[in-house]
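Note sheet for the following structure.
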Amino acid sequence: MASVFMRYNQHLYNEVNELRQEVVEYCLLDDYNLDPKEIVVDYGGGVTLSRLDILSMLPDKKTSPKIIDCWAKLLNITEAEESEVPRMAFICCSGSVHIDRLVATYRQSTPSPQIKDDLYAIWDKFVMDCGEFFYMDADLFFIPIVVGEHFFVACVNFKDKAIDILDNQKMIACEEESTVHVYAEAAVFEGLSDFYEKWGLEKCSGCSNFESRFLKLKWQDDAPNDNESALFTMMHMLMYEGTAIDDPNMVSKKYRRILVCQLAAALLLADCNLNRDVLLENVSKFVENKSDIMKFLKVQRQVQRKKQKLQK
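Read in UniProt numbering, the sequence shown has 232 at position 232, and its numbers run on one by one without any break.
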């Protein structure tokens, strides 16, 4: 394996097929002469990922919100293919910067119309590209949010009339209202309700009375690694169907390393990836030259280690 992450965890990937490993390895190689801006995922409508974005999925990196945007679109596409009437709908994470602005005035004053307009410009584009019927019919509406470097997801549960918050960080017992509660409620009460109204829908008309529920999960931690919060958010979006979720594997760091590979492969090899054929051609060339690449990297890494020793 040429990628440090893939080589270090190779013993964990027995159940991941070879093609998936090769594609992910190609995209996770960050110290070779490959273009970090190469677009490896294109789902249309401007929803794209570069090699640099895929690299941000590594446990020691700050995850790009674009990863969550692509994941949301992929889940929408999958839901459309598998369900005559979509049960779940997913919005993009990239509106978080404007949700942050909503929070600044939430419960203190009326938010500026410009803040909502900026948020809706992002949401509108995503909705139009995915198909607005999703958002009319779905019983569960997922809003992934990033606060600083920490990701979580707020799920509007229309059947239960609740806002279900899924986060890998435990809520501090002494907190009457956590940061994620405030962000989730601002996103729904100030953002989503007017967004639905703008589309002529009354589905969110009573959401200001919805109960906020912070779901307890076995893999929650008091001080989790924020770099893994995006991975947990992706899995929460995938697994949650309105009732309790439980996966004993999620507490395992080894299992989460496997998930990095599996989730990256799912994004890269999806049928809706317009760049998949070009990506596979590049991966094929990479595999053909891998022995030479590994020799080059071995020398390069030895030089780097010597430099580090001299600096000590």
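By construction, the Cβ of each residue, glycine as well, lies at the ideal position given by its N, Cα and C atoms.
Quick one: using the 10 Å Cβ neighbour count with 16 as the cut-off for buried, is E18 buried or exposed? As a position in the sequence shown, residue 18 is number 18, starting the count at 1. That one is exposed.
Judging by CA-CA distance, which residue of K159, A184, A162 is the nearest neighbour of F151? For the purposes of this step, residue 151 is taken as residue 151 along the sequence shown, with counting starting at 1. Distances from the alpha-carbon of F151 to those of K159, A184, A162 put A184 closest.
Chain-order list of residues whose beta-carbon lies under 7 Å from that of G95 (same chain, five-residue window excluded): The residue you call residue 95 lines up with position 95 of the sequence shown. So the list reads L119, I122, W123, once near-sequence residues are dropped.
Alpha-carbon spacing of F286 relative to G44, whole angstroms: Numbered from its first residue, the sequence shown carries residue 286 at position 286. Numbered from its first residue, the sequence shown carries residue 44 at position 44. In this structure, the CA atom of F286 is about 26 Å from the CA atom of G44.
For the beta strand (DSSP E) containing D277, list its first residue and its last residue. In the sequence shown, the residue the question calls residue 277 occupies position 277. Unbroken run through D277 is the alpha helix (DSSP H), 276-288; no beta strand (DSSP E).
For D30, which of L55, I245, V278, N157 has the nearest alpha-carbon? Residue mapping note: residue 30 aligns to position 30 of the sequence shown, counting from 1. Answer by Cα proximity: L55.
Restricting to Cα atoms, I'd like to know which of C130, M57, E190, C204 is closest to K159. What you label residue 159 is simply residue 159 of the sequence shown in a count that begins at 1. With respect to the C-alpha of K159, the residue from C130, M57, E190, C204 having the closest C-alpha is C204.
Could you tell me if T63 is buried or exposed, where buried requires 16 or more neighbouring beta carbons within 10 angstroms of its beta carbon? As a first step, residue 63 is located in the sequence shown; it is residue number 63 there, counting from the start. When all chains shown are included, T63 counts as buried.
Nonlocal neighbours in the same chain, by C-beta distance under 7 Å from T105, ignoring five residues either side: Mapped onto the sequence shown, residue 105 falls at position 105. Excluding its 5 nearest sequence neighbours in each direction, T105 has C-beta neighbours in its own chain below 7 Å: P111, listed in chain order.
Please report the distance separating the alpha-carbon of residue 332 from that of A266. Here the chain covers residues 1 to 312 and nothing more, so residue 332 does not appear.
Roughly how many angstroms separate the alpha carbons of E79 and Q114, rounded to a whole number? On the sequence shown, position 79 is the one that residue 79 refers to. On the sequence shown, position 114 is the one that residue 114 refers to. So the alpha carbons of these two residues sit roughly 32 Å apart.
Give the straight-line distance between the Cα atoms of R12 and C207, rounded to the nearest whole angstrom. Here residue 12 is taken as the residue at index 12 of the sequence shown, counted from 1. Here residue 207 is taken as the residue at index 207 of the sequence shown, counted from 1. Correcting the residue identity first, residue 12 is Leu in this sequence and not Arg. Computed Cα separation, rounded: 44 Å.
Does DSSP put V47 in a helix, in a strand, or in coil? Along the sequence shown, one-based indexing puts residue 47 at 47. Coil, per DSSP.
Could you give the distance in angstroms between the alpha-carbon of M234 and the alpha-carbon of A89? Translated into the one-based positions of the sequence shown, residue 234 becomes position 234. Translated into the one-based positions of the sequence shown, residue 89 becomes position 89. Cα to Cα, M234 sits roughly 14 Å from A89.
Would you kindly check if the distance between the Cβ of W219 and the Cβ of V260 is under 8 Å? Indexing the sequence shown from 1 puts residue 260 at position 260. Indexing the sequence shown from 1 puts residue 219 at position 219. No, the Cβ-Cβ distance between V260 and W219 is not below 8 Å.
According to the neighbour-count rule (16 or more other Cβ atoms, all chains shown, within 10 Å of its Cβ), is K66 buried or exposed? Residue 66 sits at position 66 when you count from the first residue of the sequence shown. Result: buried.
What's the C-alpha gap between N209 and A154? Position 209 of the sequence shown, counting from 1, holds the residue named residue 209. Position 154 of the sequence shown, counting from 1, holds the residue named residue 154. Rounded to whole angstroms, the gap between the alpha carbons of N209 and A154 is 16 Å.
Give the secondary structure of C174 by DSSP, where H, G and I count as helix, E and B as strand, and everything else as coil. As a position in the sequence shown, residue 174 is number 174, starting the count at 1. Here C174 scores only 45 on pLDDT, less than 50, and its place in the model should not be relied on; the value that follows carries that caveat. If DSSP states are grouped into helix, strand and coil, C174 belongs with coil.
Please name the residue in P59, G46, P36, D60 whose C-alpha comes closest to that of D53. Translated into positions along the sequence shown, residue 53 becomes position 53. Taking each of P59, G46, P36, D60 in turn and checking the Cα distance to D53, the smallest one comes out for P36.
Taking Cβ positions, are D42 and N273 nearer each other than 8 Å? Reading the sequence shown from its first residue, position 42 is the one you call residue 42. Reading the sequence shown from its first residue, position 273 is the one you call residue 273. Yes, the Cβ-Cβ distance between D42 and N273 is below 8 Å.
Output needed for A162: all residues of its chain with C-beta closer than 6 Å, excluding positions within five of it in sequence on either side, in chain order. Within the sequence shown, the letter at position 162 stands for residue 162. Within the same chain, Cβ atoms closer than 6 Å to the Cβ of A162 are found at F210, E211, R213, the five residues on either side in sequence being excluded.
So F126 and I77 are in contact, right, with Cβ under 8 Å, and what is the actual spacing, rounded? On the sequence shown, position 126 is the one that residue 126 refers to. On the sequence shown, position 77 is the one that residue 77 refers to. With 8 Å as the limit, F126 and I77 do not qualify as a contact, their Cβ atoms being about 13 Å apart.
Note down the Cα distance separating V146 from D129, rounded to an integer number of angstroms. Indexing the sequence shown from 1 puts residue 146 at position 146. Indexing the sequence shown from 1 puts residue 129 at position 129. Whole-angstrom Cα-Cα distance: 22 Å.
Beta carbon of L268 nearer than 8 Å to that of C27: In the sequence shown, residue 268 corresponds to position 268, counting from 1. In the sequence shown, residue 27 corresponds to position 27, counting from 1. Contact flag set, yes.
Out of curiosity, what's the CA-to-CA distance linking P224 and Q262? Numbered from its first residue, the sequence shown carries residue 224 at position 224. Numbered from its first residue, the sequence shown carries residue 262 at position 262. In a straight line, the C-alpha of P224 is about 21 Å away from that of Q262.
To the nearest angstrom, report how far apart M239 and I245 are at their CA atoms. Translated into positions along the sequence shown, residue 239 becomes position 239. Translated into positions along the sequence shown, residue 245 becomes position 245. It is roughly 7 Å from the alpha-carbon of M239 to the alpha-carbon of I245.
Roughly how far, in whole angstroms, is the beta-carbon of D69 from the beta-carbon of V47, given that I think they are within contact range, below 8 Å? Locating residue 69 in the sequence shown gives position 69, where the first residue counts as 1. Locating residue 47 in the sequence shown gives position 47, where the first residue counts as 1. With a contact defined as Cβ atoms closer than 8 Å, D69 and V47 qualify at about 6 Å.
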